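If you use full-length UniProt numbering, the sequence shown corresponds to residues 1 to 60, in order.
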Amino acid sequence: MKYTREQLRSMARTALQARAESDERYLQLVVQLSMQLDMPTDEVEQRIVMLAHDDAKEAA
């Protein structure tokens, strides 16, 4: 894996912060990942949210 799980979580949290601020880079990220992964954009967004909140599951 290129990034550690914690690095990926951090990137996902940063992406969600960008979404909350209506930063156009969030949409660019989602579209780019959608194309690279051949996955619908809504699924990409779901996975970003799941990854950002993944640490809460592990703590439980």
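Every residue, glycine too, gets a C-beta built ideally from N, C-alpha and C.
It should be emphasised that the depicted structure is a prediction, and the values quoted were computed from it without experimental measurement.
- In summary, V44 is buried, with 16 or more beta-carbon neighbours lying within 10 Å of its beta-carbon over all protein chains present.
- Put simply, of T14, Y3, K2 and T4 the residue whose alpha carbon is nearest the alpha carbon of A52 is T14.
- Using a Cβ distance threshold of 9 Å, L8 and A18 do not count as a contacting pair.
- At the C-beta level, I48 and A20 stay beyond 9 Å of one another.
- In the displayed model, T41 falls within a helix according to three-state DSSP.
- S10: member of the alpha helix (DSSP H) spanning R5 to A20, first to last residue.
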